[in-house]
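Chemist: If you use this note's numbering, the sequence shown closes out at 643, no skipped numbers anywhere. Glycine residues also receive a C-beta, built at the ideal position from the N, C-alpha and C atoms. Predicted, not measured: the structure shown is a model, and the values here were computed from it.
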Amino acid sequence: MNNIVYKDIVEIIIRNDKLKLENYFINRNIKINDLSNEDFDVLLSSFENHASNDIIDLIINYYTKLGIPINKNKVFDKMFLGKWCTTQNLNYFKSRNWLTV
């Protein structure tokens, strides 16, 4: 994946344009697992850029369709969340009853 794609995705996330993000993935046949590497993670980027819950939900939905372990029925702990442990991020997970801390 090239840097332009990453930049485009981050810009869409910053604008909180769920429809545009979804269309961007579909029109370019982008898979979430193609985006994630040691330098970039689309879910982490959504948190870092204060994305709306709708954007985060969309991204998590793509992750779960791939079987990436984001289990809504599992109690996450702070170790699992790692660098996602900000107040905003914890509140997001708590609001969906995915986290008890």
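In angstroms with no decimal places, state the Cα-to-Cα distance between I597 and S588.
Modeler: Here residue 597 is taken as the residue at index 55 of the sequence shown, counted from 1. Here residue 588 is taken as the residue at index 46 of the sequence shown, counted from 1. Using only the alpha carbons, I get a separation of about 7 Å.
Chemist: Helix, strand or coil, according to DSSP, for E663 in the structure here?
Modeler: In the structure as shown, the chain begins at 543 and stops at 643. Residue 663 is therefore absent and cannot be evaluated.
Chemist: When the Cα atoms are used, what is the spatial distance from E553 to K560?
Modeler: Here the question's residue 553 lines up with position 11 in the sequence shown. Here the question's residue 560 lines up with position 18 in the sequence shown. Their backbone Cα atoms lie some 12 Å apart in a straight line.
Chemist: To the nearest whole angstrom, what separates the beta carbons of I551 and V584, a pair I think is in contact under 8 Å?
Modeler: Residue numbering aside, residue 551 sits at position 9 when the sequence shown is read from its first letter. Residue numbering aside, residue 584 sits at position 42 when the sequence shown is read from its first letter. Indeed, because the Cβ distance is near 6 Å, the residues count as touching under 8 Å.
Chemist: I'd like the ranges of any alpha helix (DSSP H) spanning at least 4 consecutive residues and lying wholly in the region 553-587.
Modeler: Listed in chain order, they are 560-569, 574-577.
Chemist: Is it right to say I568 is buried, meaning 16 or more other beta carbons lie within 10 angstroms of its own, or is it exposed?
Modeler: Taking the sequence shown and counting its residues from 1, one reaches residue 568 at position 26. Exposed.
Chemist: Please state if the CB of S594 and the CB of N544 are separated by a distance shorter than 8 Å.
Modeler: Your numbering for residue 544 matches position 2 in the sequence shown. Your numbering for residue 594 matches position 52 in the sequence shown. Not a contact, by the Cβ cut-off of 8 Å.
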